[in-house]
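Okay, so the sequence shown: first residue is 996 according to the numbering used here, each after it adds one.
C-beta atoms are modelled at their ideal positions from N, C-alpha and C, and glycine is treated no differently.
Before any comments, here is the structure.
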Amino acid sequence: MKIVVAGADGLLGHEVVRVCAGYGDEVIETDVAKDFRCLDITDMDATLAFLEAEKPHWLVNCAAYTDVDGCEDREDLAYELNAKGPGYLAQACSKSGTMLLHISSDYVFDGEKPEPYTEEDPTNPLSVYGKSKLAGEEAIRQCIKDFIIVRPQWLFGPNGKNFVSTVLGIARERASINVVNDQRGSPTYSKDLARAIRALIEQDARGIFHVCNRGSASWYDLAKKALELAELETRVVPVSTSEFVRPAVRPKNSILSTKRFTETTQKLMPLWQISLQLYIKEYLFEYRKSGQA
């Protein structure tokens, strides 16, 4: 199978490339970053020409503007990359006969539902980031009928900045850190998500899928567990969202139901605690290898 990965230099894109290559797929890594074949998702003509030349079976779009707070100040950039870009990709895929798998976000929900969100639940994003990601979903649905949209959440893993790596870095410099304790979600390992994406492609699935690790946590729970596994003694102080003011509003409960994914692929996502342990081991190995320990 021939697969183009857009945003291959990112946290998720890197793992999608690795997983698909492990399956024997012919993977074309693209990004706007140096040392990658350039694929600018905001340039539909160039994207179409690229797809018509390469003739891939699938395009996996991991490219996005993911700075949630930064989106509040750069709304234009957020919509260019997260909304218009996916729409252009959908048009290019439609014209070239390429299947599209697009990565969205749990932030399309407002977090007011007490139970896990299903794919059928109404959306109501609170932030510019969430609104731009929802606009990207809508642009795809308006253009093509056959697609996969994956909504993950709380991503952590190697090859990119994320909450866990940030907390570990700060913990080495401070005696205590304040972490929000009234927002809940499901921490998700980038390697698990990449394998799930490949499973959906293998099943030739269609539609929207919620994909995250099993179990739920608050940001406080996640930080505390990460420091425990890394054997760091920094104290984690739980605070409320109102005490930890940030530019973008986050949903209080964005836990996602993965029932549809499991029924479609017959695969069960791992518990986040187990995957976090694997990531921390990898993180510590790289940290010590770099001579920082």
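Check: Where do the N-terminal and C-terminal ends of the beta strand (DSSP E) with Ile1143 fall, by residue?
Finding: Secondary structure note for Ile1143: its beta strand (DSSP E) is the uninterrupted segment Ile1143 to Arg1146.
| field | Beta-carbon proximity check, His1097 vs Gly1131, cutoff 8 Å | value | Pairing His1097 with Gly1131 gives a Cβ-Cβ distance under 8 Å.
ask   = Taking the continuous alpha helix (DSSP H) assigned at Trp1267, which residues delimit it?
value = Per DSSP, Trp1267 belongs to the alpha helix (DSSP H) from Trp1267 to Lys1284.
Determine which residues share a DSSP beta bridge with Met1094 and list them. DSSP output for Met1094 lists Trp1053 as bridge partner(s).
Could you tell me which residues DSSP pairs with Lys997 in its beta bridges?
Looking at the DSSP assignment, Lys997 forms a beta bridge with Glu1021.
Helix, strand or coil: how does DSSP classify Pro1120 here? In this structure, DSSP gives Pro1120 a state outside helix and strand, which the three-state scheme calls coil.
Worksheet entry | Residues that Ile1203 bridges to, as DSSP identifies them | According to DSSP, which records beta bridges pairwise, Ile1203 is partnered with Ile1144.
Considering Cα atoms alone, identify which of Asp1116, Ser1185 and Phe1158 is closest to Leu1006. The shortest Cα separation from Leu1006 among Asp1116, Ser1185 and Phe1158 belongs to Ser1185.
*asked:* How far does the alpha helix (DSSP H) with Ile1196 in it extend, from its first residue to its last?
replied: Counting along the chain, the alpha helix (DSSP H) containing Ile1196 begins and ends at Ser1185 to Glu1197.
Which residue comes first and which comes last in the alpha helix (DSSP H) that contains Arg1255? Element bounds for Arg1255: Lys1254 to Thr1260.
Report buried or exposed for Pro1081, applying the criterion of at least 16 other Cβ atoms within 10 angstroms of its Cβ. Pro1081 comes out buried.
Assuming Cys1289 and Leu1046 form a contact by the criterion Cβ under 8 Å, report the distance between their Cβ atoms to the nearest whole angstrom. Because the chain here runs from 996 to 1288, residue 1289 falls outside it and cannot be looked at.
For Ile1139, three-class secondary structure by DSSP: Secondary structure at Ile1139: coil, using DSSP grouped into helix, strand and coil.
Margin query: Does Pro1182 pass the burial test, meaning 16 or more other C-beta atoms within 10 Å, or should it be called exposed?
Written below: Buried: at least 16 other Cβ atoms inside 10 Å.
key: Cα-Cα separation, Leu1195 to Thr1260   = About 7 Å.
Starting from Val1162, trace the alpha helix (DSSP H) in both directions and tell me its first and last residue. Start and end: Phe1158 to Ala1166.
If you run the structure through DSSP and keep just helix, strand and coil, what is Val1014? Three-state DSSP puts Val1014 in a helix.
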